[in-house]
Amino acid sequence: MFVIVQEIKIQWTKASRGGEGASRRNTVPDALTLAKLPQTLPPLPLVHQRTVYAEAADFQPSVTQTEIHDLMLNRHVFIGCVRIISQTAQLQLTYQPGISCAGAPKRTFTRKEFVLKPDTWARIGYNGRFGWASGWSYHKTVFNIAYISATGGDIFANEPAHTFSDFADLW
155 MFVIVQEIKI QWTKASRGGE GASRRNTVPD ALTLAKLPQT LPPLPLVHQR
205 TVYAEAADFQ PSVTQTEIHD LMLNRHVFIG CVRIISQTAQ LQLTYQPGIS
255 CAGAPKRTFT RKEFVLKPDT WARIGYNGRF GWASGWSYHK TVFNIAYISA
305 TGGDIFANEP AHTFSDFADL W
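FYI, in our numbering the residues of the sequence shown are 155 to 325.
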């Protein structure tokens with residue numbers, strides 16, 4: 155089994171809150187084709203592929219990185235506001251926002267849990283505002299998380315088994 159975590163992050167400033175900048179950032183997709191996986195993987199791999207679309211790069215993919223975690227050694231992994239716990243024949247996903255991962259505004263207690271069975275996937279999205287003295291910056295993050303028996307194909311092309319969005323008014 156594989157756990158694939160595709161993180162798509164969009165970052166912008168006040169300059170792209172509206173108008174042409176907002177139009178460009180709103181064209182960033184919620185799912186991407188997976189990058190090629192490394193040849194050598196641990197027994198229960200969690201492959202985290204992160205792509206950043208930043209205002210400074212005209213909302214083109216400016217940072218793409220892949221990290222490999224071994225869920226046999228570490229049964230739970232935190233990525234952003236999402237905790238992934240490997241259980242027997244399933245994954246436990248928990249979205250729990252905090253100021254450090256979701257930014258402002260402060261959210262009322264918003265916690266969402268999913269159980270992901272084999273060969274299914276979930277989408278979790280949230281946004282936030284960061285900074286103060288240096289000016290505000292904003293972000294939108296989408297996680298596509300799949301628990302699959304084989305890689306290949308476009309696993310995020312179909313509808314997810316679970317979807318959760320926590321998009322706040324960022325004024």
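All residues carry an ideal CB built from backbone N, CA and C; glycine is no exception.
- Close CB contacts of threonine 187 within its chain, under the 7 angstroms cut and outside five residues either way in sequence, are with Asp308 (chain order).
- Per DSSP, the unbroken alpha helix (DSSP H) holding arginine 179 starts and ends at 173 to 179.
- Per DSSP, reduced to three states, the secondary structure at alanine 315 is coil, with no helix or strand assignment.
- A direct Cα-to-Cα measurement between alanine 311 and alanine 185 gives close to 8 angstroms.
- Just measuring C-alpha positions, the residue of Ala300, Ala304, Ser319 sitting nearest valine 159 is Ala300.
- Every unbroken stretch of the beta strand (DSSP E) spanning 3 or more residues and falling wholly within the segment 174 to 238 is given here in chain order: 199 to 208, 215 to 224, 230 to 233.
- Of the other Cβ atoms in all chains shown, fewer than 16 fall within 10 Å of the Cβ of isoleucine 222; this residue is therefore exposed.
- If you check the CB distance, valine 157 and proline 199 come in under 8 angstroms.
- Selection Phe263, Pro197, His316 evaluated against alanine 304 yields Pro197 as nearest (Cα-Cα).
- When rounded, the separation of the alpha-carbon atoms in isoleucine 164 and lysine 260 is 20 angstroms.
- The beta carbon of glycine 252 sits closer than 8 angstroms to those of Cys235, all from its chain and outside the five residues before and after it, given in chain order.
- Ranked by Cα distance from tryptophan 166, the first of Arg179, Trp286, Gln246, Thr248 is Arg179.
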